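A short worksheet on the structure shown next.
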Amino acid sequence: MGTSGREDLRETLARATRIGVLTGAGISAESGVPTFRGEDGLWRGHPPEELATPEAFRRDPAFVWEFYDWRRTLLAGCRPNPAHRALAELERVKPGTTIITQNVDGLHQQAGSERVIELHGNIWRVRCLRGCPETIDRRAPLPRPLPPRCRCGALLRPAVVWFGETLPPRALAEADRVARESEVFLVIGTSGVVEPAASLARIAWSAGARVVEINPEPTPLSSIAHDVFREPASRVLTRLVGGLEAP
Ligand code: BV8
Numbered sequence: 001m002g003t004s005g006r007e008d009l010r011e012t013l014a015r016a017t018r019i020g021v022l023t024g025a026g027i028s029a030e031s032g033v034p035t036f037r038g039e040d041g042l043w044r045g046h047p048p049e050e051l052a053t054p055e056a057f058r059r060d061p062a063f064v065w066e067f068y069d070w071r072r073t074l075l076a077g078c079r080p081n082p083a084h085r086a087l088a089e090l091e092r093v094k095p096g097t098t099i100i101t102q103n104v105d106g107l108h109q110q111a112g113s114e115r116v117i118e119l120h121g122n123i124w125r126v127r128c129l130r131g132c133p134e135t136i137d138r139r140a141p142l143p144r145p146l147p148p149r150c151r152c153g154a155l156l157r158p159a160v161v162w163f164g165e166t167l168p169p170r171a172l173a174e175a176d177r178v179a180r181e182s183e184v185f186l187v188i189g190t191s192g193v194v195e196p197a198a199s200l201a202r203i204a205w206s207a208g209a210r211v212v213e214i215n216p217e218p219t220p221l222s223s224i225a226h227d228v229f230r231e232p233a234s235r236v237l238t239r240l241v242g243g244l245e246a247p
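Residue numbers (my numbering): 1 to 247.
Structure (structure tokens):
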């Protein structure tokens, strides 16, 4: 039994078949990706309203495009870290594992995770402001000048969810189902302030999941966590996942 008198978490994980994982920018921090609200925070000096809202894009689309292009340049040199790889391994030995990510960097998929729900979209894709169906992969060079335009003539925009925009309904519904059905719900590297993503942890908790927070800092979700690891994600996940066998 763990110090909390509860069954050792590794034993619970070994027995679990349905594992939900909510990740935030902190899981990519060890890949060199800046977080949003930390010391190296992307938002520092640039409040989110100035950058990640439809109003900001309407006001100055070129400025917002420059910001996302700058982030993509940063990301281009970043690779999945041991935390991403441990979650991909967890899915390999526990096929009922689903990652719900707030991140837009695509690093979970690069690490080999397949069951990934992107709540806030993906920075590598752009889409037409007017709603033309196809999304374009941003790694392919887009016509200059910024901001580029769709074939229909409307502006192209990052295919991410900005503040004030609703999340993709199917992704949110799927994430809600995962939260309700999980036996274990890992909350990794998120400050737990952005909604409705943060409340998925509360939903999992109220549905009876064992909630585990992995974050060097406390967050508003710490109070509902049954297990808390105040350490970097890669160290904890390598330890937790290492040695788990496929059922
Ligand atoms: C919506 C994409 C309907 C773009 C992002 C209910 C209550 C209060 C407010 C609201 C609410 N409902 C809606 C809102 C408004 C708003 C909101 O939540 N505001 C907050 C800030 C108060 N939400 C919305 O607008 C959402 N839309 O709900 O639509 C609606 C609309 C209007 C009004 C009502 C309802 C849309 C939210 C999506 C916004 N888009 N990103 C882009 O990336 O540019 S959010 C952005 O924040 C990122 O996606 C990011 O993932 C997300 C959350 O941040 P974190 O991932 O947690 O990152 P952060 O830096 O904050 O924290 C990092 C953590 O990692 C830290 O805790 C740190 O300690 C830890 N860490 C560091 N190193 C490590 C580590 N952990 C582990 N290991 C390490 N090594």
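Glycine included, each C-beta is placed from N, C-alpha and C at the ideal position.
Quick caveat, the model's predicted, so the values are computed rather than measured.
(1) Would you call the segment 29 to 36 and the segment 66 to 85 in contact, with 3 or more CB pairs under 8 angstroms?
(2) Return the residue from the list Gln102, Leu9, Arg72 that minimises the CA-CA distance to Ser191.
(3) If you run the structure through DSSP and keep just helix, strand and coil, what is Ala197?
(4) Could you check if Thr59 belongs to the surroundings of the ligand BV8, using beta carbon to heavy atom distance under 8 angstroms?
(5) Go ahead and pull the three-state DSSP assignment for Asp176.
(6) Using the beta-carbon count (16 or more within 10 Å), is Thr17 buried or exposed?
(7) Is the closest heavy atom of the ligand BV8 to the C-beta of Gly32 under 8 angstroms?
(8) When the Cα of Ala197 is compared with those of Asp60, Leu221, Glu231, Trp124, which residue comes out closest?
(9) For a minimum of 3 consecutive residues, which ranges assigned as the beta strand (DSSP E) are wholly contained in the segment 57 to 115?
(10) When you compare the CB positions of Ala204 and Ala179, do they come within less than 9 angstroms of one another, or not?
(11) As a quick exercise: from Val161, Glu134, Phe229, pick the residue whose alpha carbon is nearest that of His120.
(12) From Thr23 to Val193, what distance separates their C-alpha atoms?
(13) Would you report the Cα separation of Glu250 and Trp124, rounded to the nearest angstrom?
The structure says:
(1) The answer is yes - the segment 66 to 85 touches the segment 29 to 36, with three or more Cβ pairs under 8 angstroms.
(2) The residue with the shortest Cα to Cα distance from Ser191 is Gln102.
(3) Secondary structure at Ala197: coil, using DSSP grouped into helix, strand and coil.
(4) Checking the displayed sequence, the identity of residue 59 turns out to be Arg instead of Thr. Not one heavy atom of the ligand BV8 falls within 8 angstroms of the beta-carbon of Arg59.
(5) DSSP places Asp176 in helix when its eight states are reduced to three.
(6) So Thr17 counts as exposed.
(7) No; taking the cut-off as 8 angstroms, the Cβ of Gly32 has no heavy atom of the ligand BV8 nearer than that.
(8) Closest by alpha carbon: Leu221.
(9) Segments of the beta strand (DSSP E) lying fully in the segment 57 to 115: 97 to 101.
(10) A contact, by the Cβ cut-off of 9 angstroms.
(11) Taking the Cα of His120 as reference, the smallest distance to any Cα among Val161, Glu134, Phe229 is reached at Val161.
(12) Computed Cα separation, rounded: 13 angstroms.
(13) As displayed, the chain neither begins before 1 nor continues past 247, which places residue 250 out of reach and without an answer.
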